[in-house]
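Undergrad: My numbering numbers the first residue of the sequence shown as 29 and each following residue consecutively.
Glycine included, each C-beta is placed from N, C-alpha and C at the ideal position.
Can you read through this structure? Questions will come right after.
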Amino acid sequence: MGGSSLALFLDPSNAAHLIQDLGALQHFGYQVPELLEPDEVRSLEPAVSDRVAAGLLIEQERHVRPETLTEALLTGLGKQGVQVRAGVDVVPRLDGKGRLECLDWNIGRVEADAFLIAAGVWSKKLAGLNEEEDPFGSR
Ligand SMILES: Cc1cc2nc3c(=O)[nH]c(=O)nc-3n(C[C@H](O)[C@H](O)[C@H](O)COP(=O)(O)OP(=O)(O)OC[C@H]3O[C@@H](n4cnc5c(N)ncnc54)[C@H](O)[C@@H]3O)c2cc1C
């Protein structure tokens, strides 16, 4: 983790959009950065092209390294006796009412009282939901 982030814009109106988005995060303690003029941007980062018309220094931005994070998660899960199976293609099986009944994968079938599906944008598909359905509804 560490560092801040300097966002660069060829069109200042795009910076205004980001300022608006960050405004919504003020509630969580995020500060909304000031819009930087091109010369202010270049004083922070001299290598920036002349085409850059505006910038935002987002001091509270932080980064995690995905591989370190994933490794730590796997270690933590392993300590709790959780089995992780990588590289499997999970296929949902729905009951007659379209409710998720069990999951199939290439190592067998998994049945459970409840499933936590964390498949990103594919989660709805995996849960047998159509686009309009609430992913947080009970299935
Ligand atoms: C171009 C880009 C840049 C981004 N940059 C940032 C950034 O700078 N900072 C930030 O915070 N966020 C960023 N994001 C957003 C961030 O990547 C997502 O919010 C985050 O990855 C969501 O995590 P997730 O675990 O919910 O889903 P995912 O990371 O999408 O993981 C879902 C997993 O489920 C697997 N899966 C799906 N279907 C199945 C199936 N049937 N069987 C088996 N496996 C399946 C997929 O292969 C995938 O590995 C970015 C996203 C994109 C696209």
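Enumerated in chain order, which unbroken segments of the beta strand (DSSP E) with a length of 3 residues or greater are wholly contained in the segment 89 to 141?
TA: Correct list: 119 to 122, 128 to 133 and 136 to 139.
Undergrad: Looking at the strands, I want to know which residues DSSP matches up with residue 145.
TA: Locating residue 145 in the sequence shown gives position 117, where the first residue counts as 1. DSSP, once it has assigned bridges, lists no residue as partnering residue 145.
Undergrad: Determine the direct distance from the alpha carbon of residue 132 to that of residue 157, and round the result to whole angstroms.
TA: As a position in the sequence shown, residue 157 is number 129, starting the count at 1. As a position in the sequence shown, residue 132 is number 104, starting the count at 1. Going from the Cα of residue 157 to the Cα of residue 132 covers about 17 Å.
Undergrad: Grab me the residues of residue 126's own chain with a C-beta within less than 7 Å of its C-beta, minus the 5 sequence neighbours each way, in chain order.
TA: Here residue 126 refers to the residue found at position 98 when the sequence shown is read from its first residue. Result list for residue 126: 156, in chain order.
Undergrad: Using 8 Å for Cβ pairs, my map puts residue 83 next to residue 64. What's the rounded Cβ distance?
TA: Mapped onto the sequence shown, residue 83 falls at position 55. Mapped onto the sequence shown, residue 64 falls at position 36. Their Cβ separation, rounded to whole angstroms, is 4 Å, which keeps residue 83 and residue 64 in contact under 8 Å.
Undergrad: Ordered along the chain, which non-local residues of its own chain (more than five positions away) have a Cβ less than 8 Å from that of residue 40?
TA: As a working mapping, residue 40 is identified with position 12 in the sequence shown. Excluding residues within five positions, the ones whose Cβ falls inside 8 Å are 63, 81 and 82.
Undergrad: What do you get for residue 74, buried or exposed, if any count of 16 or more other CB atoms within 10 angstroms of its CB means buried?
TA: Residue 74 sits at position 46 when you count from the first residue of the sequence shown. Per the 10 Å Cβ criterion, exposed.
Undergrad: Sort 86, 60 and 58 by Cα distance to residue 36 and report the nearest one.
TA: Here residue 36 refers to the residue found at position 8 of the sequence shown. The option with the nearest alpha carbon to residue 36 is 86.
Undergrad: So what does DSSP say about residue 51, is it helix, strand or coil?
TA: Numbered from 1 along the sequence shown, position 23 holds the residue referred to as residue 51. Note: residue 51 maps to helix in three-state DSSP.
Undergrad: Which whole-angstrom value is the C-beta distance of residue 91 and residue 148, which I expect to be below 8 Å?
TA: Here residue 91 refers to the residue found at position 63 of the sequence shown. Here residue 148 refers to the residue found at position 120 of the sequence shown. Contact doesn't hold; Cβ gap of about 20 Å is too wide.
Undergrad: Who are residue 83's beta bridge partners in DSSP?
TA: As a first step, residue 83 must be located in the sequence shown, where it is residue number 55. In DSSP, residue 83 forms a bridge with 36 and 64.
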